[in-house]
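Scroll down for the structure; my scribbles are underneath it.
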Amino acid sequence: MTDADATEAREDRADTVLIAGTASHVGKSTLAAGLCRLLARRGVSVSPYKAQNMSNNARVALTPDGEWGEIGVSQHVQARAAEVPATTDTNPVLLKPRGGGESQVIVDGEAVANAPASAYYDEHWDDARAAAIAAHERLAADHDVVVAEGAGSIAEINLRDRDLANVECARFADARILVAVDIERGGAFASLYGTLELLPDDLRERVCGAVITKFRGDPAILEPGIAEIEERTGVPIVGVVPHDDPGLPAEDSLSLPDAERAEDGSDGGIGGEGGVLGDDDGVPDDASVRIGVPRLPRISNFTDLEPLAREPGVRVVYLPLDAALDGVDAVVLPGSKNTVDDLLALREAGLDAALRAFDGPVVGVCGGYQLLGDLLVDADVEGVGDRETVPGVGLLPVETEFATEKRVERVTCAVDGVGPIAGAEGRATGYEIHAGRTRLLDDAASGDLATAPLGAESVATERVLGTYLHGLFETAAVRDAFVETVFASAGRARPDATAADRSPYERAADLVADNVDLAAAGLGDLLGSAG
């Protein structure tokens, strides 16, 4: 089917709006999630979509064949905003950076190769594009509106002939384009003007409006600039969105706290540097606890920590590997795209010894669990040459044997409230994405050891928990028990829970509804698209 045939076949199908940007991290994901929820609460059947994503933060979703596959976290979030199940059609192509210029290529939820950029475009591009078109076709057939999210800048002229998330998506989806531009970093009008000037003519004609994001202050100050940019380009500025984080899970490492920012805004925070989440809740520092998160070089799925940062009195502190741990009350080791290399980096920085000497609660999730064990076997699978066996940190009596086959699955498991999650009960739901299986060592001393506190391969001692369950802290019972343990270990009283804020999805929808004039962009018909 040609692109022209595909466009004709879509005439009675969903409208598609592409939220593009002038750069990365300009608010595209928030606008897309907000528009998804706004449409959903108006009764419109809407689905998110991103033709190609690059992120090491992934979620599990159903494939068209009913199996489990991987998608980027932003489309998982946007599906929840749209109140529809997340499927791999919402993100048919996912690239997960592995380091050294190479990425794992995931198509329709399944890993098909590890490839540098040149090999991806030479060997996998055609298949990726075909999968993206087919996925959009299925979504467009099942929904009234598809809210597509672009990637980076829509005007990367060096990538124009292979820009799947922006240029190709706009064309095969017959999409109208709304451009987001971040004013916080300055140069917003120049960035928008340059972006529009560099667009191919057919895409320029699709641009229906622009939205200024992350603005602080009185919008009236922007009026002269808005008037001139509209006169120069003919593109209306249809919204000025204030700087207000609705609390949606972050997509990639650009959203991690600045590694150079200390708690007081100066250089040289905990351990000499660091970034903090959750320090804006109004709880005094001396009544708070700090959960340290080593900033692994190949960190992935760090969004597992965000539910903790939303708890009153909890600070999630990202630490360099050479940081001292005497400034934190607990440690969570997050996922890793390459456990062995991160373990070697951690060891070189001396953090393995610091972890063994640390006397607070420790939790390892996925790759963080693997490196807390005694041994990593067949480590050459992870790309460390001929090192087949690498000693772990040694806090849990387990060994992990790596393999090329990945386990990708949505998981619900019984909760055994022991160790760092003492008192938790019920069931927890999350997902597993990992290569390698972990088993208890034959000579492991029983003592205070508990097996399967969070699923078959998990292990806990009185102080340390290891699990493959991503999203474990989204389960209220697990999160509550861990936070209670951290406060008790630190010898502090836990602050009373404040009244629950509106969901981040509703807050994102309000940002769009209150600050973006969809009618001025010619998108008012989307709100009446309920079929």
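Going by the working numbering, the letters in the sequence shown line up with residues -10 to 520, in that order.
Glycine included, every Cβ here is placed at the ideal spot set by N, Cα and C.
Exercise. Hey, would you say Val317 sits closer than 7 angstroms to Val265, going by beta carbons?
Worked result: no
Exercise. With 16 other CB atoms within 10 Å as the buried threshold, where does Glu414 fall?
Worked result: exposed
Exercise. In terms of residues, what are the limits of the beta strand (DSSP E) holding Gly455?
Worked result: Val453 to Thr456
For this session: Tell me whether Leu515 sits in a helix, a strand or coil according to DSSP, three-state version.
Result: helix
Exercise. To the nearest whole angstrom, what separates the beta carbons of Val540 and Pro323, a pair I think is in contact under 8 angstroms?
Worked result: The structure shown does not extend to residue 540, since the chain is modelled only from -10 to 520, so the question has no answer here.
Problem set entry | Nearest neighbour of Leu335, chosen from Val303, Ala298, Val366 and Val379 [CA to CA] | Val379
Exercise. What do you reckon, are the CB atoms on Arg396 and Glu421 nearer than 7 angstroms?
Worked result: yes
Problem set entry | Coarse secondary structure for Gly258, derived from DSSP in three states | Here the model assigns Gly258 a pLDDT of 29, short of 50, so the residue's position is not dependable, and the following value carries that caveat. Looking at Gly258 - three-state DSSP - the assignment turns out to be coil, as it is neither helix nor strand.
For this session: Using three-state DSSP, classify Glu59 as helix, strand or coil.
Result: strand
Problem set entry | Close-in-space but distant-in-sequence residues of the same chain around Gly267 (CB under 6 angstroms, 5 per side omitted) | Ala298, Val303, Arg304 and Val305
For this session: Could you spell out the range, first to last residue, of the beta strand (DSSP E) harbouring Asp503?
Result: Where Asp503 is concerned, there is no enclosing beta strand (DSSP E), although the alpha helix (DSSP H) it sits in stretches over Pro493 to Asn504.
Problem set entry | Proximity below 7 angstroms, CB of Ala169 to CB of Gly61 | no
Exercise. With 16 other CB atoms within 10 Å as the buried threshold, where does Pro74 fall?
Worked result: exposed
Exercise. For Ile95, which residues does DSSP report across the bridge?
Worked result: Leu83 and Ala100
For this session: Using alpha carbons as the reference points, say which of Ala312, Tyr457 and Asp431 lies closest to Tyr358.
Result: Tyr457
Problem set entry | Own chain partners of Glu394 with C-beta closer than 8 angstroms, once the 5 adjacent residues on each side are dropped | Ala424
Problem set entry | Proximity of Ile143 and Asn155 at Cβ, strictly below 7 angstroms | yes
Exercise. Can the beta-carbon of Gly419 be found closer than 7 angstroms to that of Leu385?
Worked result: no
Exercise. At which residues does the beta strand (DSSP E) containing Glu421 begin and terminate?
Worked result: Arg416 to Leu429
Problem set entry | Neighbour-count burial assignment, Ile410, 16 or more Cβ in a 10 Å radius | buried
For this session: Just mark Gly356 as buried or exposed, buried being the case when its beta carbon has 16 or more other beta carbons within 10 Å.
Result: buried
Exercise. My guess is that Arg195 and Ile218 are in contact by the Cβ rule of under 8 angstroms, so how many angstroms apart are they, rounded?
Worked result: Actually they are not in contact, since the Cβ atoms of Arg195 and Ile218 sit about 18 angstroms apart, beyond 8 angstroms.
Exercise. Beta strand (DSSP E) containing Cys197: first to last residue?
Worked result: Val196 to Phe204
Exercise. Taking three-plus beta-carbon pairs below 8 angstroms as touching, is the stretch 41 to 53 in contact with the stretch 91 to 110?
Worked result: yes
For this session: Give the range of the beta strand (DSSP E) segment to which Pro283 is assigned.
Result: Val278 to Pro283
Exercise. What whole-angstrom Cβ distance do Ala417 and Val404 have, given they're in contact under 8 angstroms?
Worked result: 5 angstroms
Exercise. Can you check whether the CB of Gly381 is closer than 7 angstroms to the CB of Gly362?
Worked result: yes
Problem set entry | Cβ neighbours of Ser277 in the same chain (closer than 6 angstroms, five flanking residues each side left out) | Gly302 and Arg304
Exercise. When the cut-off is 7 angstroms and only beta carbons count, does Leu364 lie next to chain D?
Worked result: Note that chain D does not occur in the displayed structure, where there is just one protein chain.
Exercise. Near Gly383, which residues of its chain fall below 6 angstroms by C-beta distance, leaving aside the five closest residues on each side in sequence?
Worked result: Asp363
Problem set entry | Cα-Cα separation between Gly281 and Gly511, rounded to whole angstroms | 47 angstroms
For this session: With a 10 Å radius around its C-beta and 16 neighbouring C-beta atoms as the bar for buried, classify His65 as buried or exposed.
Result: buried
Problem set entry | Rounded C-alpha distance that separates Leu360 from Leu332 | 6 angstroms
For this session: Indicate whether the contact test is met: 3 or more Cβ pairs, each with one atom in the stretch 501 to 518 and one in the stretch 218 to 232, closer than 8 angstroms.
Result: yes
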